[in-house]
Ligand code: SF4
């Protein structure tokens, strides 16, 4: 994560293998590895043996759990062998609610009267504190600070009432406001859920597991299914619950039909891998179109187009293609620098940035340079980057940004700073240009972004760009009243 950038959130996986003697932990490990970009703070896997194959809700399989702080490759070593069972879920986390500690790592396992559930969540619950207070008044005890535990308690409450996970999930959808893609183990049954407007991605497919055991997989991005040599079947639909039955048969329940969806545009701009297909759109294609559109909206005479690695790469290719200006890299990224480490001294921080990204002086000296990036959050990183290219001898530095200006915070699982800290919230484009000391700056328009994604605006969340949100958020403007938007 680059300092000053919008932060990643979480990645989730769920796998059920048909053969009860097969081990789901292994494909889950590889799937999490391929989703590492979605969260690097902690990782976890929970598994269970399906006594009669997947699908017996209320079965007594023991849930095994291994979680730890760090990357997937750091958390799972010998402990992978402890994760027995042909059904499981996995999670990689970047914290948006609750501190980055082991007790907040997922999957979260909760005991209830008739067994155990495990849950892996990508998203953020807007009314979590209100629900948490209600649940506490009823005497429920919380062990973590996460909104996932709130979700788990609401689900368990419904489960005790209806003795049926599907009815319990309907209750979750009625009560919980916010973004949630979930994979769950309810005793020995795998369930996948996507919130009614589909903020966060979730897709499903088929894989071949160990000893050729066939299986069903759910994952935040299709790239996880590709990694396992599987076939992506489709996206889990907004408002859909899918339960995996015995023999990997699955059953779908469409609870909530939203008139409009609210797919997060930042999944396409920055979060998802370019090789993932989200809601029917290959992310690489969207980014290429964004770059082309940027060139049409903000042309400039220049000698080279360069990305700011890595997220600016596909945009810059599109820009270079449309403008016929040479694509030449101004920066080379050190791929062996891991997560951003805390270096309190300014000098040490500068060294860390140089360690991560080195300017190719010969490529920029005496040139008019177009730098293409995905977004500007606080502006601190962009300012430093412009300064470095100038110091390397560039004649002009023009910034082109693949997202429209970020003016408002996100409440749906993306860790954006407050309005006060967002540079575009309180400054005009000209002011930003002069603060960053660029010769010109061009942001993609909202219309350009919608065209590049190729979905109607009504099916996208543009909250952080417009300050108008698709579901009710206290103190913010809502573009569609939730009750009118959703239909059970
Ligand atoms: S507010 Fe912005 S970052 Fe958050 S879900 Fe909506 S588009 Fe995505």
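Residue numbers (this note's numbering): 6 to 493. Cβ coordinates follow ideal geometry from the N, Cα and C atoms, glycine included. Small disclaimer: the values here were computed from a predicted structure and weren't measured.
Tell me whether the beta-carbon of residue i lies closer than 9 Å to the beta-carbon of residue j.
| i | j | result |
| --- | --- | --- |
| residue 370 | residue 221 | no |
| residue 35 | residue 232 | yes |
| residue 207 | residue 127 | yes |
| residue 286 | residue 275 | no |
| residue 226 | residue 267 | no |
| residue 32 | residue 70 | no |
| residue 205 | residue 417 | yes |
| residue 219 | residue 23 | yes |
| residue 49 | residue 118 | no |
| residue 93 | residue 133 | no |
| residue 140 | residue 162 | yes |
| residue 95 | residue 188 | yes |
| residue 130 | residue 44 | no |
| residue 18 | residue 224 | yes |
| residue 260 | residue 136 | no |
| residue 4 | residue 123 | Absent from the model: residue 4. The displayed extent of the chain is 6 to 493, so no value can be given. |
With a CB to CB cut of under 6 Å and the five nearest residues on each side skipped, what residues in its chain are close to residue i?
| i | result |
| --- | --- |
| residue 463 | 265 |
| residue 323 | 293, 296, 297 |
| residue 249 | 21, 59, 195, 221, 255 |
| residue 240 | 208, 284 |
| residue 203 | 243, 266, 268 |
Which word fits residue i, buried or exposed, when buried means at least 16 other C-beta atoms lie within 10 angstroms of its C-beta?
| i | result |
| --- | --- |
| residue 480 | exposed |
| residue 342 | exposed |
| residue 381 | buried |
| residue 210 | buried |
| residue 108 | exposed |
| residue 329 | exposed |
| residue 359 | exposed |
| residue 485 | buried |
| residue 138 | exposed |
| residue 169 | exposed |
| residue 46 | buried |
Using CA coordinates, which residue listed in the options is at the minimum distance from residue i?
| i | options | result |
| --- | --- | --- |
| residue 450 | 296, 365, 374, 195 | 296 |
| residue 428 | 72, 385, 447 | 385 |
| residue 110 | 118, 151, 394, 439 | 151 |
| residue 212 | 305, 229, 198, 443 | 229 |
| residue 398 | 335, 84, 439, 455 | 335 |
| residue 423 | 413, 164, 432 | 413 |
| residue 310 | 317, 436, 325, 299 | 325 |
| residue 234 | 430, 39, 143 | 39 |
| residue 406 | 453, 365, 87 | 453 |
Quick one: residues in its chain with C-beta nearer than 7 Å to the C-beta of residue i, no 5 flanking neighbours on either side, listed in chain order?
| i | result |
| --- | --- |
| residue 319 | 279, 289, 292, 293, 296 |
| residue 282 | 227, 237 |
| residue 402 | 374, 376, 391, 394, 395, 443, 444 |
| residue 349 | Only weak support exists for where residue 349 lies, its pLDDT of 48 falling under 50; the coordinates are left without a value. |
| residue 415 | 421, 468, 469 |
Quick one: residues in its chain with C-beta nearer than 8 Å to the C-beta of residue i, no 5 flanking neighbours on either side, listed in chain order?
| i | result |
| --- | --- |
| residue 61 | With a pLDDT of only 45 at residue 61, under the threshold of 50, the placement of this residue in the model should not be trusted; the figure read from the coordinates follows. Within the same chain, residue 61 has close Cβ partners 55, 192, 193, 194, 251. |
| residue 339 | 360, 361, 362, 363 |
| residue 466 | 202, 204, 267, 268, 269, 270, 417, 474, 475 |
| residue 434 | 410, 446, 448 |
Tell me the start and end of each unbroken beta strand (DSSP E) in the stretch 249 to 294 that is at least 3 residues and wholly inside, in chain order.
Segments of the beta strand (DSSP E) lying fully in the stretch 249 to 294: 255 to 259.
Just to confirm the assignment: which complete beta strand (DSSP E) runs, minimum length 3, are found wholly within the stretch 215 to 241?
DSSP runs (the beta strand (DSSP E)) wholly in the stretch 215 to 241: 219 to 224, 236 to 240.
Whole beta strand (DSSP E) elements within the stretch 20 to 72, 3-residue minimum:
Counting whole runs of 3 or more residues, the stretch 20 to 72 contains the beta strand (DSSP E) stretches 47 to 53.
Please give the ranges of any beta strand (DSSP E) in the stretch 398 to 464, keeping only runs that are unbroken, at least 3 residues long and fully inside the region.
Restricting attention to beta strand (DSSP E) runs no shorter than 3 residues, the stretch 398 to 464 encloses them at 401 to 406, 445 to 448, ordered along the chain.
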